[in-house]
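Trainee:
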Amino acid sequence: MRNAKPVLLVEDDNIDAMTVARAFKDLKLTNSLSRCTNGEEALAYLRDPNHKEPCVILLDLNMPRMNGTEFLKIAKSEERLKSIPVIVLTTSNEERDVVESFRLSVAGYIVKPVDYKKFVEAIRTIDLYWTLSELPDGETGVENAQVETAVAG
Amino acid sequence: MHKSRPLLLVEDDQVDARAVKRALDDLNMADSVVHLPNGEEALAYLRSGVNERPCLILLDLNMPRMNGIEFLREVKNDPSLRRIPIVVLTTSREDRDVLGTFEHSVAGYMVKPIDYPKFVQTIQAIAEYWSLSVLPAGV
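Residue numbers (the working numbering), protein chains in the order written: chain A, 193 to 345; chain B, 83 to 221.
Here is the structure:
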């Protein structure tokens, strides 16, 4: 991603979370990956000033306690949290979930590919896009120059 | 992207608009690009009731009449339009613009590279990402 902040993964399934971590490692992404297992935990994590704000959030939808849509409703109504881009990463491609997520202004909706190679490609595409995109962090200058060199190379 | 649905480009600069269309053409990424020169005309297009809803909006910020941030505010406050993803494509790298647009939940903020090959790379990254992403059906 564009900056060195952590990526927050909100995912209840351990296998899926391990797959994301493995793809990050295989792609040599330098961002650390923080994980919460449901929306409630993610809100508590984001509201805790001891945690570094993530650059982007990867959000599963079907989770116990607080699901992805409920999480989005709250996060997008909070001044401090609403600017963080949220990308849905789910197995559901039900139209209802897609429409509801975009109504809540997600910045992408990726259906998890079952095949690992395709999954890695999906994470690579997400990483490239969010490396080119500016992020609302106020950290510009040297860091951006390095990213441009990396892209050019 | 979803080739069957148009991409809406809101851009006042003719040269920049031609570059976007040329890059999309070179990449064979979009069948139809609707180009409008400011936010006011783009809103009228989206609200006309007869035009097909775009799958994605590429939005410049500095434009006469209605600029990009004003347009964003209108679209995100309109329940029938707010689900359309909006990607900023601008020359401005000012923090005020980046923060101001992410507060309105833009789905990306790309600074236009001046160099054409890099510009094509940026358009390609946008096209690949939004081909991977599912998009809400046009309503």
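Just so you know, even glycine gets a beta-carbon here, dropped at the ideal spot from N, CA and C.
Measuring CA to CA, which of B:216, B:191, B:166, B:105 is closest to residue 124 (chain B)?
Mentor: On the second sequence, residue 124 (chain B) is found 42 positions in, with the first residue counted as 1. Checked all of B:216, B:191, B:166, B:105; the closest Cα to residue 124 (chain B) is B:166.
Trainee: Quick one: grab the DSSP three-state call for residue 157 (chain B).
Mentor: Walking along the second sequence from the start, residue 157 (chain B) turns up at place 75. Reduced to three states, the DSSP call for residue 157 (chain B) is helix.
Trainee: What's the call for residue 243 (chain A), buried or exposed, on a 16-neighbour Cβ count within 10 Å?
Mentor: Within the first sequence, the letter at position 51 stands for residue 243 (chain A). Residue 243 (chain A) should be labelled exposed.
Trainee: Report the rounded CA-to-CA distance for residue 313 (chain A) versus residue 214 (chain A), giving the unit in angstroms.
Mentor: The sequence position of residue 313 (chain A) within the first sequence is 121, counting from 1. The sequence position of residue 214 (chain A) within the first sequence is 22, counting from 1. Cα-Cα distance, rounded: 13 Å.
Trainee: For the beta strand (DSSP E) that residue 192 (chain B) lies in, which residues bound it at each end?
Mentor: Residue mapping note: residue 192 (chain B) aligns to position 110 of the second sequence, counting from 1. Run containing residue 192 (chain B): 191 to 193, per the beta strand (DSSP E) assignment.
Trainee: Sort A:280, A:327, A:255 by Cα distance to residue 230 (chain A) and report the nearest one.
Mentor: Walking along the first sequence from the start, residue 230 (chain A) turns up at place 38. The residue with the shortest Cα to Cα distance from residue 230 (chain A) is A:255.
Trainee: Measure the Cβ-Cβ separation of residue 290 (chain A) and residue 157 (chain B) and say whether it is below 8 Å.
Mentor: Taking the first residue of the first sequence as position 1, residue 290 (chain A) is located at position 98. Taking the first residue of the second sequence as position 1, residue 157 (chain B) is located at position 75. In this structure, residue 157 (chain B) does not lie closer than 8 Å to residue 290 (chain A) by Cβ.
Trainee: With residue 139 (chain B) as the anchor, note down where its beta strand (DSSP E) starts and where it stops.
Mentor: Here residue 139 (chain B) corresponds to residue number 57 of the second sequence, with the count starting at 1. First-last of the beta strand (DSSP E) with residue 139 (chain B): 138 to 141.
Trainee: By a C-beta neighbour count over all protein chains shown, 10 Å radius and 16 as the cutoff for buried, is residue 195 (chain A) buried or exposed?
Mentor: Residue mapping note: residue 195 (chain A) aligns to position 3 of the first sequence, counting from 1. By the neighbour-count rule (16 or more Cβ atoms within 10 Å), residue 195 (chain A) is buried.
Trainee: In this structure, how does DSSP classify residue 194 (chain A) when only helix, strand and coil are distinguished?
Mentor: Numbered from its first residue, the first sequence carries residue 194 (chain A) at position 2. Three-state result, residue 194 (chain A): coil.
Trainee: For residue 149 (chain B), count the other beta carbons within 10 Å of its own beta carbon; 16 or more makes it buried, fewer makes it exposed. Which is it?
Mentor: Walking along the second sequence from the start, residue 149 (chain B) turns up at place 67. Residue 149 (chain B) is buried by the Cβ-count criterion.
Trainee: Determine, using beta carbons only, whether residue 175 (chain B) comes closer than 8 Å to chain A.
Mentor: Position 93 of the second sequence, counting from 1, holds the residue named residue 175 (chain B). Taking Cβ atoms only, chain A reaches closer than 8 Å to residue 175 (chain B), which makes this a yes.
Trainee: What does a CB cutoff of less than 7 Å around residue 224 (chain A) pick up in its chain, not counting 5 residues either side in sequence?
Mentor: Along the first sequence, read from residue 1 onward, the residue named residue 224 (chain A) stands at position 32. Correct list, in chain order: 198.
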